[in-house]
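A short worksheet on the structure shown next.
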Amino acid sequence: MNSKTLLNIFLALALAGLLAVVIYEPGKTEAPDAKRLTALDPDAVQKISIESPGREPVLLIKQSGQWQMQKPLVMPANAGRIQQLLRVTQAKSIADYAMSRVDANQLQLDTPSLLLKLDDVLLRFGATDALGGSRYVQVGNKVHLITDRYRHLAQGAATEFVSSALLPPGSVIEKLILPDLHLTQEDGRWFVGEHHEGDADAIQVLLDEWRHARALRVSLIDKGDAPDATGEESIAVSISRNAIKQELRFALLRSETEIILQRAKPGIQYHFPLEAGRRLLALPVGAATTQ
């Protein structure tokens, strides 16, 4: 190896070292609250309101550690969806400007596409940056430019914020009336029909299916489609929760691709893939079902 080759190797190593210093900036740390959209702790937020042109306002409240929708429906809320949305509190601010130095009309902040209020902090979502596609968001007297990954989470259908669970958290099933199966409980024992004591393991599997059921999606019932929760294709689930007894009624719709459970009040329906829906309607294959 001649001296010229050694020199080239040395220069290459030196250049690599310089690049590492430039890229990784060893020893440099980001200030805890620097370049963040808000100073909010997402876990501490207790109230979320969402307003968007042409859509019903959405109000979400955290009660006893559980998120509840208060408007436009009164229902348990989708905690996973809310957690995704609350990441906006910690969104990195690519750039920020004093409100007095920007054209609110040009940035569409005077007619925002979304108003998102987290506790007492209001976020006004304006236009996107023409070059990078980032979103202008006003918080107080500052305008920030952030990655445009949060607005769509708030602008979907209101039902996207409804919990996909069929039963409220903490529910204890006391009776389950299905089109082809009636399960009742007496003194801790489950009966198929009125007198036949059923297969305890199989019944437990079915009850667990109901307790852990999560719909693929939740949607509003079409106004012209009035569900019948009292006919042959109906379901009644008696539950107790926090010492309060309640009966939930569902109308059952079947198709070639999915099973839908409808609740007339509050007017929503739960969509399940065919196989998952079938597991809610019968004991496991091979279990005794004599009534």
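Numbering (the numbering used here), first residue to last: 454 to 744. C-beta atoms are modelled at their ideal positions from N, C-alpha and C, and glycine is treated no differently. These numbers were taken from a predicted model, which means no experiment stands behind them.
Q | Beta-carbon proximity check, S616 vs P529, cutoff 7 Å | A | Result yes, Cβ atoms of S616 and P529 sit closer than 7 Å.
Checking the sheet assignment: what are the DSSP bridge partners for D549?
Beta-bridge pairing links D549 to H597.
(message) Using CA atoms only, rank isn't needed, just tell me which of N594, R489, L706, I535 is closest to S502.
(response) Per the Cα distances, I535.
Should A655 go down as buried or exposed, given a rule of 16 or more other Cβ atoms within 10 Å for buried? Residue environment: A655 is assigned as buried (16 or more neighbouring CB atoms within 10 Å of its CB, all protein chains considered).
Would you check if the distance between the CB atom of H724 and the CB atom of L669 is smaller than 7 Å? Yes.
Going by DSSP in three states, T612 sits in which element: helix, strand or coil?
In the structure shown, T612 sits in a helix (DSSP, three-state: H, G or I).
task: Taking H597 and L490 to be in contact with their CB atoms under 8 Å, please state how far apart those CB atoms are, rounded to whole angstroms.
output: Rounded, the Cβ-Cβ distance is 5 Å, consistent with contact.
Per DSSP, what are the beta-bridge partners of S672 in this structure? In the DSSP assignment, the residues bridged to S672 are Q722.
Delimiting residues of the beta strand (DSSP E) encompassing V658 = Unbroken run through V658 is the alpha helix (DSSP H), 653-665; no beta strand (DSSP E).
Among L526, Y550, L568, the one whose alpha carbon lies nearest that of G507:
Of the candidates L526, Y550, L568, L568 places its Cα closest to the Cα of G507.
Secondary structure of V474, DSSP reduced to three states:
At V474, the pLDDT of 38 sits below 50, so the modelled position is not reliable and the matter cannot be decided from this model.
Smallest Cα separation from F614: which of S693, L562, P565, Q537?
With distances taken between Cα atoms, F614 lies closest to Q537.
Do you know offhand how far A689's Cα is from Q715's? When rounded, the distance between both Cα atoms is 11 Å.
*Residues that S517 bridges to, as DSSP identifies them*: Note: S517 sits in no beta bridge, so no partner.
**OP:** Please determine, among A729, E504, Q516, the residue with the shortest C-alpha to C-alpha distance to F622.
**Re:** For the sequence presented, residue 622 should be read as Pro rather than Phe. Here the closest residue by C-alpha is Q516.
For I721, does the count of other Cβ atoms within 10 angstroms reach 16, so buried, or fall short, so exposed? I721 counts as buried, since no fewer than 16 other beta carbons sit within 10 angstroms of its beta carbon.
L576 - partner residues in DSSP beta bridges: L569, V592, per the DSSP bridge assignment.
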